[in-house]
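Asks:
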Amino acid sequence: DAKTTQPTSMDCAEGRAANLPCNHSTISGNEYVYWYRQIHSQGPQYIIHGLKNNETNEMASLIITEDRKSSTLILPHATLRDTAVYYCIVRSQGGSEKLVFGKGTKLTVNP
Amino acid sequence: GAVVSQHPSWVICKSGTSVKIECRSLDFQATTMFWYRQFPKQSLMLMATSNEGSKATYEQGVEKDKFLINHASLTLSTLTVTSAHPEDSSFYICSAAPGGGNTIYFGEGSWLTVV
Chain Z
4 DAKTTQPTSM DCAEGRAANL PCNHSTISGN EYVYWYRQIH SQGPQYIIHG
54 LKNNETNEMA SLIITEDRKS STLILPHATL RDTAVYYCIV RSQGGSEKLV
104 FGKGTKLTVN P
Chain A
650 GAVVSQHPSW VICKSGTSVK IECRSLDFQA TTMFWYRQFP KQSLMLMATS
700 NEGSKATYEQ GVEKDKFLIN HASLTLSTLT VTSAHPEDSS FYICSAAPGG
750 GNTIYFGEGS WLTVV
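The listed protein sequences derive, respectively, from chains Z and A. Throughout, my numbering is defined as the position within the first sequence, counted from one, plus 3. Throughout, my numbering is defined as the position within the second sequence, counted from one, plus 649.
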């Protein structure tokens with residue numbers, strides 16, 4: 004079972020920041036927070052991951068609370084192409100560790 | 650990021666026949682690959698973990714005799730849906746992590762329609 008809770012859907016205006024929350028109150032000390040997104044009819048795309056420090060890459064920023072029980076994915080300037088289902092997943096490190104998907108958040112970026 | 654490729658992208662087969670879907674890691678080796686299935690408007694469901702040179706590990710409720718997985722090399726895993734039925738129609742997706750690393754990358758997915 005997925006160990007995360009996300010809102011079912013969110014809307015965001017084009018050009019504005021999209022802030023997607025995720026609760027993972029039962030996260031273990033060795034588990035990372037991963038974010039993926041899935042655009043309709045495509046395979047999931049890796050966005051970012053982190054353990055306890057905030058992370059930033061060319062796609063997004065990941066803010067993890069100090070107690071690690073929740074996190075927020077930030078898309079700084081959302082575009083229409085960012086419309087997708089966003090999945091927050093907690094997972095231990097290692098290539099053999101599987102990803103278990105929850106229901107995710109359907110983000111709709113509006114013009 | 651690393652590239653995972655699936656083939657075919659879509660396939661239509663007749664009920665009762667078998668169909669094979671390939672998953673390749675194009676620029677890295679993967680001792681482990683994962684197979685998922687996704688029905689319309691639903692999330693991805695993990696079916697099995699494919700292990701190079703050994704038997705796959707299936708998730709609870711997934712029929713191993715129906716969904717045959719072969720991971721014969723470090724860059725190729727195949728999923729064969731045997732005796733396919735219309736209810737097997739779905740989006741099948743594979744994934745792998747380069748060098749047993751921490752980030753998993755996904756293929757483009759394969760649409761299976763059984764008629």
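Note that the Cβ used here is the ideal one computed from N, Cα and C, for glycine as well. Here the structure is a predicted model, which is why all the values come from computation and not from measurement.
Report, in whole angstroms, the separation of the C-beta atoms of A:Val668 and A:Leu725, which I expect to be a contact under 8 Å.
Replies: By 1-based counting over the second sequence, the position of residue 668 of chain A is 19. By 1-based counting over the second sequence, the position of residue 725 of chain A is 76. In fact, because the Cβ distance is near 17 Å, the residues do not count as touching under 8 Å.
Asks: Using a Cβ-Cβ cutoff of less than 7 Å, which residues in the same chain neighbour A:Leu693 once the five nearest sequence positions on both sides are dropped?
Replies: Position 44 of the second sequence, counting from 1, holds the residue named residue 693 of chain A. Once the five neighbours on either side are set aside, the close Cβ partners of A:Leu693 are Tyr685, Gln687, Ile742.
Asks: Please list the partners that A:Gly665 has in chain Z, where partner means a Cβ-to-Cβ separation under 8 Å.
Replies: Working through the second sequence from its first residue, we reach residue 665 of chain A at position 16. Ordered by position in chain Z, no residue passes the 8 Å Cβ test against A:Gly665, which lies about 27 Å from the chain.
Asks: Below 9 Å on C-beta distance, what does Z:Pro10 contact in chain A?
Replies: Numbered from its first residue, the first sequence carries residue 10 of chain Z at position 7. In chain order: nothing, as chain A lies at least about 14 Å away.
Asks: If you draw a straight line from the alpha carbon of Z:Glu58 to that of A:Ser759, how long is it in whole angstroms?
Replies: In the first sequence, counting from the first residue as 1, residue 58 of chain Z sits at position 55. In the second sequence, counting from the first residue as 1, residue 759 of chain A sits at position 110. In a straight line, the C-alpha of Z:Glu58 is about 32 Å away from that of A:Ser759.
Asks: Name the chain Z residues that come within less than 8 Å of A:Asn751, Cβ to Cβ?
Replies: As a working mapping, residue 751 of chain A is identified with position 102 in the second sequence. Those are Tyr35, His52, Gln96, Gly97, Gly98, listed as they occur along chain Z.
Asks: Compare the C-alpha of Z:Pro114 against each of Z:Thr86, Z:Val103, Z:Ser95, Z:Val36 and name the closest.
Replies: On the first sequence, residue 114 of chain Z is found 111 positions in, with the first residue counted as 1. With distances taken between Cα atoms, Z:Pro114 lies closest to Z:Thr86.
Asks: Name, going along the chain, the residues of the region 685-715 of chain A whose beta-carbon falls closer than 7 Å to a beta-carbon of chain Z.
Replies: Answer in chain order: Ser692, Leu693, Leu695, Thr698.
Asks: From what residue to what residue does the beta strand (DSSP E) around Z:Val112 run?
Replies: Taking the first residue of the first sequence as position 1, residue 112 of chain Z is located at position 109. Run containing Z:Val112: 108-113, per the beta strand (DSSP E) assignment.
Asks: The region 735-748 of chain A: which residues have C-beta closer than 9 Å to a C-beta of chain Z, in chain order?
Replies: If the cut-off is 9 Å between Cβ atoms, the region 735-748 of chain A has Phe740, Ile742, Cys743, Ser744, Ala745, Ala746, Pro747, Gly748 near chain Z.
Asks: What does the alpha-carbon distance come out to for the pair Z:Glu100 and Z:Ser44?
Replies: The sequence position of residue 100 of chain Z within the first sequence is 97, counting from 1. The sequence position of residue 44 of chain Z within the first sequence is 41, counting from 1. Each residue's alpha carbon lies about 25 Å from the other.
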